[in-house]
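**Q** Could you have a look at this structure, given as structure tokens, before my questions?
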RNA sequence: GCCCUCGUAGUUCAAUGGAUAGAACUGGCCCGUCCUAAGGGCAAAAUGGGAGUUCGAUUCUUCCCGAGGGCACCA
């Protein structure tokens, strides 16, 4: 429908719009009084053409109606101060539905080809061994996984990557903390996985505190950092191996639970060499320089600031390692684009890094995009793993599940055995949706009671809408009322003519928006637009469900048509949810 | 001090420079012989302040106020 109108507008405007550099755009107004589609082209073109916006809008409206195939529009109207609003005829909407249903059967409705044939790396989550997997990582995971799926939906092959700091100062701090209680270690190693993790979390908190408070401890930790880096001490090596292993085992378990499949998990320890080599090259090329015993990049002439790449002890910092990672990625994958997702506190740092990459590795220039997410903030104050007041991803999910449990058991649609699984999926969906519905890059103020709602614009609402649609389908199948063509049986010709109520037509118009919504979210690398779309689709589906009898309708053809609409809606909703990383549940 | 984000109903979030700023939660009022009420409907409620650009500004520029982040050996 949208493409039809744009084509008509291009026909009317000829090359005037193109010459003026003004794109012909069509939007879907929130306000029903402004039509199904609306364009502002008359206002934008009035000045170059030397006419009033309203006069142009009137001309365009009249001409559009004149040029359109018979029966496409219900009406086309100019509106002050110069909009042109379009209302599709029911028949045009019905035909759109027939097309969507056909595409949907082919399981390709909504897919785009903006990234067809491209290989895109997406690095996200990035938990660090020796530290906890906290809700910040959960946030990165939710956004990154959704971005990955959106890009795949546009035809690209996506390689999911994670990168973790298994060497560096934070490790030295944790190791220092652990060495303070080395006598406990044999006992702890006999205990549960979670006790071992708790030991390391506490060790890190201790080590961090001592690093800040005690100059002598600080010196020891810096030395320890070098020792770890050099693999110089067997006892340290053994302790390190244990800590690293405990962390990584946990991460693997969580990745599985979060349904994210990384093809490669990079560790800082393995990119050190490439990083140092790149730094050498940078020095040779005069991009990096020695300063006060360290190797730095002076970013001031680029409007950036100076950053240290190798510290005065000869240990590469995050900068050099990230440089090594970039080189490494290029060696491991032939990629067209690489996306790195981090917290927004790294924005300035990444500008420096990407500038160095541009200067040092010209063939990678511009291929890497840094995307940042905001921080999780609490009414109660800031979370800091250094201070030990972090909320782990597991703790959050456990708490959300706990709140859901009562709600799930009140409802009888599920067998007891399935309730735990549903609770898990709803909890994950609720958390994911609350993260994804917001613009990425913004901080999220997190409040257990308030921000994680299970009603209204929230994950469970979408899952519920889906489950209800599926329930109707099941009942229809049980009753033998019409073959819902899940198995691929084509609907009888002309069925779409029975889609006629306002709620039905509005729902079809929503369905038609799906490809645009997915494409736009992928282009902007922002799942929030798709989350908003899924919500609006669910609203339209619920309205249809509430207002329109389906199984109870006496007319067999109409019943079949409505079942078909339900089937397609459920499938599109499921596709949308999948792109958000939220499981569509058959029953709730 | 310099740089980057961000200030929208009581709260949490929307709004490719467009129309009457859109939702949800909370509080108020309706809908139960009906396909899952985690639902549907009604009413109420907001752009931090000032100047500017524009036919049109939540959006762009600038100043002020406020919050967060970054600014050399952490990541």
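Numbering (the numbering used here), first residue to last: 14 to 601. For glycine and all other residues, C-beta sits at the position ideal for the given N, C-alpha and C.
Under 8 Å between the Cβ atoms of residue 133 and residue 352?
**A** For this step, residue 133 is matched to residue 120 along the first chain. For this step, residue 352 is matched to residue 339 along the first chain. Going by C-beta atoms, residue 133 is nearer than 8 Å to residue 352.
**Q** Is DSSP giving residue 132 helix, strand or coil here?
**A** Here the question's residue 132 lines up with position 119 in the first chain. In the structure shown, residue 132 sits in a strand (DSSP, three-state: E or B).
**Q** Mind reading off the beta-carbon distance from residue 585 to residue 122? Whole number of angstroms is fine, and I expect it under 8 Å.
**A** Taking the first chain and counting its residues from 1, the one referred to as residue 585 is at position 572. Taking the first chain and counting its residues from 1, the one referred to as residue 122 is at position 109. Their Cβ separation, rounded to whole angstroms, is 7 Å, which keeps residue 585 and residue 122 in contact under 8 Å.
**Q** Ends of the alpha helix (DSSP H) at residue 79?
**A** Translated into the one-based positions of the first chain, residue 79 becomes position 66. Unbroken alpha helix (DSSP H) run through residue 79: 66 to 80.
**Q** Kindly give me the distance between the Cβ atoms of residue 576 and residue 563, rounded to whole angstroms, as I take these residues to be in contact under 8 Å.
**A** Mapped onto the first chain, residue 576 falls at position 563. Mapped onto the first chain, residue 563 falls at position 550. Going by Cβ atoms, the distance from residue 576 to residue 563 rounds to 7 Å, so yes, they are a contact pair.
**Q** Helix, strand or coil for residue 352? Go by DSSP, reduced to three states.
**A** Here residue 352 refers to the residue found at position 339 of the first chain. Reduced to three states, the DSSP call for residue 352 is strand.
**Q** Return the first residue and the last residue of the alpha helix (DSSP H) that residue 265 is part of.
**A** For the purposes of this step, residue 265 is taken as the residue at position 252 of the first chain. Its alpha helix (DSSP H) spans residues 247 to 270.
**Q** Could you name each continuous beta strand (DSSP E) segment of 3 residues or more that falls completely within the region 127 to 203, going from the start of the chain to the end?
**A** As far as the region 127 to 203 is concerned, its whole beta strand (DSSP E) runs of at least 3 residues are 132 to 136, 170 to 177.
**Q** Taking residue 279 as part of the beta strand (DSSP E), name the residues at either end of that continuous run.
**A** For the purposes of this step, residue 279 is taken as the residue at position 266 of the first chain. Per DSSP, residue 279 belongs to the beta strand (DSSP E) from 277 to 280.
**Q** Using three-state DSSP, classify residue 244 as helix, strand or coil.
**A** On the first chain, position 231 is the one that residue 244 refers to. In this structure, residue 244 counts as coil in the three-state DSSP scheme.
**Q** Alpha carbon to alpha carbon, how far is residue 136 from residue 354? Give it in angstroms, no decimals.
**A** Counting from one through the first chain, the residue named residue 354 turns up at place 341. Counting from one through the first chain, the residue named residue 136 turns up at place 123. Approximately 6 Å between the Cα atoms of the pair.
**Q** If I'm right that residue 37 touches residue 19 with Cβ under 8 Å, what's the distance once you round it to whole angstroms?
**A** Along the first chain, one-based indexing puts residue 37 at 24. Along the first chain, one-based indexing puts residue 19 at 6. About 6 Å; that satisfies the 8 Å criterion.
**Q** Pull up the CB-CB distance for residue 368 and residue 446, whole angstroms please, since I reckon it's below 8 Å.
**A** Numbered from its first residue, the first chain carries residue 368 at position 355. Numbered from its first residue, the first chain carries residue 446 at position 433. Contact doesn't hold; Cβ gap of about 36 Å is too wide.
**Q** Where does the unbroken alpha helix (DSSP H) through residue 556 begin, and where does it stop?
**A** Here residue 556 corresponds to residue number 543 of the first chain, with the count starting at 1. Run containing residue 556: 541 to 560, per the alpha helix (DSSP H) assignment.
**Q** If you draw a straight line from the alpha carbon of residue 424 to that of residue 477, how long is it in whole angstroms?
**A** Your numbering for residue 424 matches position 411 in the first chain. Your numbering for residue 477 matches position 464 in the first chain. The alpha-carbon atoms of residue 424 and residue 477 are separated by roughly 12 Å.
**Q** Which full runs of the beta strand (DSSP E) of 3+ residues lie inside the region 304 to 332, going along the chain?
**A** The region 304 to 332 contains these whole beta strand (DSSP E) runs: 307 to 310, 320 to 323.
**Q** Pull up the CB-CB distance for residue 544 and residue 593, whole angstroms please, since I reckon it's below 8 Å.
**A** The sequence position of residue 544 within the first chain is 531, counting from 1. The sequence position of residue 593 within the first chain is 580, counting from 1. Indeed, because the Cβ distance is near 6 Å, the residues count as touching under 8 Å.
**Q** Using C-beta distances below 6 Å, list every residue in its chain close to residue 216, excluding the 5 sequence neighbours before and after it, in chain order.
**A** Working through the first chain from its first residue, we reach residue 216 at position 203. Only 187, 190, 191 meet the Cβ criterion.
**Q** Among the candidates 156, 515, 583, 376, whose CA atom is the shortest distance from the CA of residue 100?
**A** Taking the first residue of the first chain as position 1, residue 100 is located at position 87. Out of 156, 515, 583, 376, 515 has the C-alpha closest to the C-alpha of residue 100.
**Q** Under 8 Å, with one C-beta from each stretch per pair, do the region 204 to 222 and the region 101 to 111 reach the 3-pair mark?
**A** Output reads no: the region 101 to 111 does not touch the region 204 to 222.
**Q** Would you tell me roughly how many angstroms separate the C-alpha atoms of residue 234 and residue 248, rounded to the nearest one?
**A** Locating residue 234 in the first chain gives position 221, where the first residue counts as 1. Locating residue 248 in the first chain gives position 235, where the first residue counts as 1. Their Cα atoms are separated by approximately 16 Å.
**Q** Using 8 Å for Cβ pairs, my map puts residue 333 next to residue 299. What's the rounded Cβ distance?
**A** Looking up residue 333 in the first chain gives position 320. Looking up residue 299 in the first chain gives position 286. Not really, about 17 Å apart at Cβ, beyond 8 Å.
**Q** What's the gap between the Cα of residue 185 and the Cα of residue 443?
**A** Along the first chain, read from residue 1 onward, the residue named residue 185 stands at position 172. Along the first chain, read from residue 1 onward, the residue named residue 443 stands at position 430. If you take the alpha carbons of residue 185 and residue 443, they lie about 36 Å apart.
**Q** For residue 383, which three-state DSSP category applies?
**A** Within the first chain, the letter at position 370 stands for residue 383. In the structure shown, residue 383 sits in a strand (DSSP, three-state: E or B).
**Q** With residue 509 and residue 574 assumed to form a contact (beta carbons below 8 Å), what rounded beta-carbon distance in angstroms separates them?
**A** In the first chain, residue 509 corresponds to position 496, counting from 1. In the first chain, residue 574 corresponds to position 561, counting from 1. At roughly 7 Å, the Cβ-Cβ gap stays under 8 Å, so residue 509 and residue 574 are in contact.
**Q** Please identify the residue among 549, 150, 560, 524 whose C-alpha is closest to the C-alpha of residue 14.
**A** Start at 1 with the first residue of the first chain, and residue 14 comes out as number 1. Considering only alpha carbons, the answer is 524.
**Q** Helix, strand or coil, according to DSSP, for residue 91 in the structure here?
**A** The residue labelled residue 91 in the question sits at position 78 within the first chain. Three-state DSSP puts residue 91 in a strand.
**Q** According to the neighbour-count rule (16 or more other Cβ atoms, all chains shown, within 10 Å of its Cβ), is residue 318 buried or exposed?
**A** Position 305 of the first chain, counted from the start, is the residue given in the question as residue 318. The residue in question, residue 318, is exposed, as its Cβ has fewer than 16 Cβ neighbours within 10 Å.
**Q** Is the region 84 to 101 touching the region 62 to 76 in the sense that three or more CB pairs, one from each, lie closer than 8 Å?
**A** With the cut-off at 8 Å, the region 62 to 76 and the region 84 to 101 touch.
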